[in-house]
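See below for the structure under consideration.
2 protein chains.
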Amino acid sequence: MSEGASAPMVGLAAVILAAALDSTSVEPRVLTVPVAGQPAGHGEGLPAGPLEPAHPTLERGLRAWVERQTGQSLGYVEQLYTFGDRNRRPGGDGERHALSIAYLALVREARPAADSAWQSWYRYFPYEDRRAGRPAALEAIAERLNAWARAAPGPDAQRRRLDRIGLTFGAPGSGWNEERVLERYELLFEAGLVPEAGAPDTLAGQPMALDHRRMLATALGRLRGKIKYRPVVFELMPPAFTLGQLQRVVEALSGIVLHKQNFRRLVAQQGLVEETDAVTAETGGRPARLMRFRREVLLERPAPGLRLSPGRLA
Amino acid sequence: MSEGASAPMVGLAAVILAAALDSTSVEPRVLTVPVAGQPAGHGEGLPAGPLEPAHPTLERGLRAWVERQTGQSLGYVEQLYTFGDRNRRPGGDGERHALSIAYLALVREARPAADSAWQSWYRYFPYEDRRAGRPAALEAIAERLNAWARAAPGPDAQRRRLDRIGLTFGAPGSGWNEERVLERYELLFEAGLVPEAGAPDTLAGQPMALDHRRMLATALGRLRGKIKYRPVVFELMPPAFTLGQLQRVVEALSGIVLHKQNFRRLVAQQGLVEETDAVTAETGGRPARLMRFRREVLLERPAPGLRLSPGRLA
DNA sequence: CCATTTATGCTCAAGATGAGCATTTACCCG
DNA sequence: CGGGTAAATGCTCATCTTGAGCATAAATGG
Numbered sequence: 003m004s005e006g007a008s009a010p011m012v013g014l015a016a017v018i019l020a021a022a023l024d025s026t027s028v029e030p031r032v033l034t035v036p037v038a039g040q041p042a043g044h045g046e047g048l049p050a051g052p053l054e055p056a057h058p059t060l061e062r063g064l065r066a067w068v069e070r071q072t073g074q075s076l077g078y079v080e081q082l083y084t085f086g087d088r089n090r091r092p093g094g095d096g097e098r099h100a101l102s103i104a105y106l107a108l109v110r111e112a113r114p115a116a117d118s119a120w121q122s123w124y125r126y127f128p129y130e131d132r133r134a135g136r137p138a139a140l141e142a143i144a145e146r147l148n149a150w151a152r153a154a155p156g157p158d159a160q161r162r163r164l165d166r167i168g169l170t171f172g173a174p175g176s177g178w179n180e181e182r183v184l185e186r187y188e189l190l191f192e193a194g195l196v197p198e199a200g201a202p203d204t205l206a207g208q209p210m211a212l213d214h215r216r217m218l219a220t221a222l223g224r225l226r227g228k229i230k231y232r233p234v235v236f237e238l239m240p241p242a243f244t245l246g247q248l249q250r251v252v253e254a255l256s257g258i259v260l261h262k263q264n265f266r267r268l269v270a271q272q273g274l275v276e277e278t279d280a281v282t283a284e285t286g287g288r289p290a291r292l293m294r295f296r297r298e299v300l301l302e303r304p305a306p307g308l309r310l311s312p313g314r315l316a
Numbered sequence: 003m004s005e006g007a008s009a010p011m012v013g014l015a016a017v018i019l020a021a022a023l024d025s026t027s028v029e030p031r032v033l034t035v036p037v038a039g040q041p042a043g044h045g046e047g048l049p050a051g052p053l054e055p056a057h058p059t060l061e062r063g064l065r066a067w068v069e070r071q072t073g074q075s076l077g078y079v080e081q082l083y084t085f086g087d088r089n090r091r092p093g094g095d096g097e098r099h100a101l102s103i104a105y106l107a108l109v110r111e112a113r114p115a116a117d118s119a120w121q122s123w124y125r126y127f128p129y130e131d132r133r134a135g136r137p138a139a140l141e142a143i144a145e146r147l148n149a150w151a152r153a154a155p156g157p158d159a160q161r162r163r164l165d166r167i168g169l170t171f172g173a174p175g176s177g178w179n180e181e182r183v184l185e186r187y188e189l190l191f192e193a194g195l196v197p198e199a200g201a202p203d204t205l206a207g208q209p210m211a212l213d214h215r216r217m218l219a220t221a222l223g224r225l226r227g228k229i230k231y232r233p234v235v236f237e238l239m240p241p242a243f244t245l246g247q248l249q250r251v252v253e254a255l256s257g258i259v260l261h262k263q264n265f266r267r268l269v270a271q272q273g274l275v276e277e278t279d280a281v282t283a284e285t286g287g288r289p290a291r292l293m294r295f296r297r298e299v300l301l302e303r304p305a306p307g308l309r310l311s312p313g314r315l316a
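Respectively, the protein sequence lines represent chains S and W.
For the first sequence, our numbering gives the first residue as 3, with consecutive numbering after it.
For the second sequence, our numbering gives the first residue as 3, with consecutive numbering after it.
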């Protein structure tokens, strides 16, 4: 066992997500903190800190750091991924490794705190929000990606790059897979279209410190996948909510719009919610019944999520 | 940043899986190595070693260790989970953390090598194999679990334990979810039914060194889930195979038997395979056509896996 | 030639899904 | 107070997808 001076540095990082719902729309949010010593414009990052001997477990260490840096206490937490040495200087044999164990946390309320701030996550991935149709920025992004593909050395490499573009961003008009957030980010990174990789503008989104945007991308992809087979959306909802709100949150997460009637049929038949006796007149039209999550489903057999059936537009 | 003497120790561990197919049956396998300094009977473990400064990336470090310890070179590899301090003495504040970053690898051939050995993974989880119906051992296991539930302090805790047993092991006769391998193992662990937790016998499976059985459980659960939505089974198949073999491998992984005709319908309509012009008379009856995996599907839109439709028996 | 065994083809009834049409019940505006 | 607008709800319908079986085909071992 090699130990001592060459032992790796291990950090803990948290992608903390929430959904801010006002009466008409939902903004998906991520909690950020300022990170010192970064290039201009790259000063936002995720709550993070080194694993310390005093931390009883990884997760407890994470919670401690988050609470210290943001005042936010976490409910639902799951491990996301352990990131290696993306930013390590090459050839530096003998250097210490720097690892980050990233976690995904879902919280209900977005209380502001200390130095931290809640940001819309589409600030970092503008092209991931298709709720209002295909984002305009995609036009320019596609153009640059194609230029990158054409610049490949040799027709074979060109084809491979084009395949990859099609696979991650979808064939024009169709084939968008909302879960491939990370693959898209990595493609943009390799193509040099993000500021972290040297791009001069923020067409493909605001940068974050270090490799935090990669972590955020990993979290979004994971969450977008997970809502389909586990009832995790409810970790983001208030105790009582309307089906309309629930749908808007799911749409905010997945970045696509859903067919309303089918969505509620699904939620209903899955037995995920139950009616309360209250209604709300919050929104324009007919008052909606307030629902609550049936926690019991967690004890029932398959523990289903919400398969997404897109509506028009998407 | 606290560094130096308190820096954590970081290990890499590999769960390397293969499927040994002879003409009639399939045995799912895991590659093990002897681990020194373990209690009697706990001497089998996973290939593993510390992360070293010379390793360019985590994954490369893992491959290096595996090759050194077993001679096996890895194809498909994915990160599984980072395990914290399960076996750390409590109260030892100031101790160094010991982490293991575990990976899942799928390989085609099970070549024997060096000190390593291929074991059936149901040796470690006998109750996970339902291919021949409900395993006999489950009877006794269920009994002990219920005893454990009854021993809970207070009716509330009892109910919670019973709920959990039902949730992970399924209601009698139905409700078995083959993906919950880890939850079942952890339940057995907490109930003290596995040797790692002090059980006097191996009714609930052979033990492994350290927390390696937990890693194996994590890997099986992940793989059982993943074959349903990604075509990863093919990493375990030879270049050409019959649909019968493919089915038997999937059954070996998932531990349940499937409806034959529906299985092939699924594989066919997903376009996962294509016919070769060869047939084989290997098995008893009518010769089967040899198929090959259509690698192109990896470039096609949804990249589907194999939803499992159980046959009778299961 | 017959029984046995696995490979393949096909059919059928239920359920789950994707798209819409039609009503209901508030609020807002003259 | 009647009309227009905005959701929330109820329902229908044509397809697909699934779960189960029945029926045939093509080898092998007596």
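We put the beta carbon where it would ideally sit given N, CA and C, even for glycine.
Item                                                                                                                   : Value
Same chain, Cβ closer than 7 Å to S:ARG182, neighbours up to 5 away in sequence not counted                            : THR170 and GLY223
Minimum Cβ-Cβ distance from S:ASP158 to chain W less than 8 Å                                                          : no
7 Å Cβ shell around S:ALA66 - same chain, five flanking residues per side excluded                                     : HIS57
W:VAL235 vs W:VAL28 beta-carbon contact at 8 Å                                                                         : no
Per-residue burial, W:GLU276 [other beta carbons within 10 Å of its own, 16 or more giving buried]                     : exposed
Residue-level contact to chain S via CB, W:LEU212, 8 Å cutoff                                                          : no
Neighbour list for W:GLN208 in chain S, Cβ cutoff strictly below 8 Å                                                   : In chain order: nothing, as chain S lies at least about 26 Å away.
Chain W contact residues for S:PRO10, given Cβ-Cβ distances below 8 Å                                                  : ALA9, PRO10, VAL12 and LEU53
Chain W contacts made by the segment 97-122 of chain S, where a contact means CB separation under 8 Å                  : GLU97, ARG98, HIS99, LEU101 and ILE103
Between the CA atoms of W:SER122 and S:LEU53 - distance to the nearest angstrom                                        : 37 Å
Residues sharing a beta bridge with W:GLU54, DSSP                                                                      : For W:GLU54, which the question treats as bridged, DSSP gives no partner whatsoever.
Contact check, W:ILE103 vs W:VAL32, beta carbons under 8 Å                                                             : no
Per-residue burial, W:SER25 [other beta carbons within 10 Å of its own, 16 or more giving buried]                      : exposed
Neighbouring residues, chain W, relative to S:GLY86 (Cβ below 7 Å)                                                     : THR59 and LEU60
Alpha helix (DSSP H) runs contained entirely in the segment 238-299 of chain S, provided each spans 4 or more residues : 245-256 and 262-271
Own chain, CB closer than 6 Å to W:GLY73, minus 5 neighbours either side, in chain order                               : ALA115 and ALA116
Selection from W:PRO197, W:TYR105, W:HIS214 and W:GLU284 that minimises the alpha carbon distance to W:TYR83           : W:TYR105
CB contact below 8 Å: W:ALA219 versus chain S                                                                          : no
Sheet register partners of S:PRO36 (DSSP bridge)                                                                       : S:GLU46
S:TRP178 (DSSP reduced to helix, strand or coil)                                                                       : coil
Backbone secondary structure at W:ALA104 - three-state DSSP                                                            : strand
Boundaries (first-last residue) of the beta strand (DSSP E) holding S:TYR83                                            : 78-85
Alpha helix (DSSP H) segment containing W:GLN160, residue limits                                                       : 157-171
Pair within 8 Å by beta-carbon distance, S:TYR78 and S:GLN208                                                          : no
Neighbour flag for W:GLN40 against chain S, beta carbons, 8 Å                                                          : no
Presumed contact (8 Å Cβ cut-off) between S:HIS2 and S:MET210, rounded CB distance                                     : Given that chain S is displayed from residue 3 to residue 316, the structure contains no residue 2 of chain S and the question cannot be resolved.
Length of the line joining the Cα atoms of S:LEU268 and W:GLU61                                                        : 41 Å
CB contact check: S:TYR78 to chain W, cutoff 8 Å                                                                       : no
Beta carbon proximity, S:GLN81 to chain W, threshold 8 Å                                                               : yes
Residue environment, W:LEU48, which counts as buried when at least 16 other CB atoms sit within 10 Å                   : buried
Short Cβ contact (8 Å threshold) for S:ALA15 with S:LEU238                                                             : no
Alpha carbon of W:GLN271 to alpha carbon of W:LEU292, nearest angstrom                                                 : 17 Å
Option nearest S:ALA9 by Cα separation, candidates S:ALA50, S:GLU97 and S:THR34                                        : S:GLU97
S:ILE229 (DSSP reduced to helix, strand or coil)                                                                       : coil
Beta-carbon proximity of W:ALA206 to W:LEU195, cut-off 8 Å                                                             : yes
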